[in-house]
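A.B. asks: Residue numbers (the working numbering): 33 to 316.
Cβ coordinates follow ideal geometry from the N, Cα and C atoms, glycine included.
Computed from a predicted structure; not experimentally measured.
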């Protein structure tokens, strides 16, 4: 583990090269006893690290499960990098981190690690050719976060199911009342996951009471949805997302002229979108 962390530190000083990230990843998966992996990790490793079956095992004097501080150091270093090998290594480090041996000083540290990984993987997807695998990994880390927060039941592993019961998540979140800043971040990442996986029908923020989120977070939801809609080719999906974005804008208490401008931009279906404007007007 010391060599893995050392290699990641060298990668930190050379932002233009993935060599050290790949080296750290290969060393980590060569450690004996072998670290835990999921099926999606194994499929990634087949692509990123050649000759998996012929690698020489590296005997570790201390098992990974008993090296929590090195796992945390490695995770923090790997997460700073934007390359896929680093993110895959960060995912493996979290999976192999023994929570029973760690006392976190800050609340939600464990959940934040999974949330950060999901967000980083989402951001990296447009720059990789492994979108299907990346989505599977995003799903895993989002589920780990939501399960730890008791918004989802514990996900059995291994599993072939990559769906999330968003209605159940929304129901449990709604019972929380106004969400804390951390939970608002969870909602924003979940929204990005839904959009990336083309689950447009029932977006999580809009399944919550308007009082659950701050005006600033509602505005962030609007921007995320609006930006995503710009990349869609289906007119019906674009219209649906624009409509949902305007609902977020209503909850954000945006200036009336901003809302009017956006409604006008949807001139092709003005009559159908007018209900959102009426909802906004009724609040004043």
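1) Under 8 angstroms Cβ to Cβ from residue 72, same chain only, skipping five residues before and after it: list those, please.
2) Mapping DSSP to helix, strand and coil, what is residue 123?
3) Would you please state the rounded distance, in angstroms, between the beta carbons of residue 126 and residue 145? I believe it to be under 8 angstroms.
4) On the criterion of 16 or more Cβ atoms from any shown chain inside 10 Å, does residue 277 qualify as buried, or is it exposed?
5) With the cut-off set at 8 angstroms, would you say residue 10 and residue 261 are in Cβ contact?
6) Find the nearest neighbour of residue 284 within the set 266, 268, 250, 263, judged by alpha-carbon distance.
7) Does DSSP put residue 91 in a helix, in a strand, or in coil?
8) Since residue 35 and residue 59 should fall inside the 8 angstroms C-beta cutoff, what is the C-beta to C-beta distance between them, to a whole number of angstroms?
9) Take the Cβ of residue 263 as the centre, count every other Cβ of all protein chains shown within 10 Å, and call the residue buried at 16 or more, exposed below.
10) Relative to the C-alpha of residue 42, which residue among 76, 118, 104 is closest?
11) Using C-beta distances below 7 angstroms, list every residue in its chain close to residue 183, excluding the 5 sequence neighbours before and after it, in chain order.
12) Are the beta-carbon atoms belonging to residue 104 and residue 57 less than 8 angstroms from one another?
13) Taking the alpha carbon of residue 53 as the point to measure from, which residue in 81, 74, 64 has its own alpha carbon closest?
14) Quick one: what's residue 63 bridged to in DSSP?
15) What would DSSP say about residue 215, mapped onto helix, strand or coil?
16) Can you list, in chain order, the residues of its chain with a C-beta nearer than 7 angstroms to that of residue 210? Leave out the 5 residues immediately preceding and following it.
17) For residue 216, which residues in the same chain have their Cβ closer than 8 angstroms to its Cβ, ignoring the five residues on either side in sequence?
18) Can you tell me whether residue 131 sits near the ligand ZN, meaning its C-beta is under 7 angstroms from at least one heavy atom of the ligand?
19) Using a Cβ-Cβ cutoff of less than 6 angstroms, which residues in the same chain neighbour residue 302 once the five nearest sequence positions on both sides are dropped?
20) Using a Cβ-Cβ cutoff of less than 8 angstroms, which residues in the same chain neighbour residue 98 once the five nearest sequence positions on both sides are dropped?
21) Around the C-beta of residue 143, are 16 or more other C-beta atoms found within 10 angstroms, so that it is buried, or is it exposed?
22) Are residue 226 and residue 258 touching if we call contact CB-CB under 8 angstroms?
C.D. replies: In short, the structure shows the following:
1) 165, 168, 169, 172
2) helix
3) 5 angstroms
4) buried
5) The chain is shown only over 33 to 316; residue 10 falls outside these bounds and no answer can be derived.
6) 250
7) strand
8) 6 angstroms
9) exposed
10) 118
11) 201, 204, 205
12) no
13) 81
14) 90
15) helix
16) 243, 244
17) 245, 246, 249
18) The model depicted lacks the ligand ZN and carries no ligand whatsoever.
19) Residue placement at residue 302 cannot be trusted, given a pLDDT of 46 that sits under 50; the coordinates are not used to answer.
20) 130, 133
21) buried
22) no
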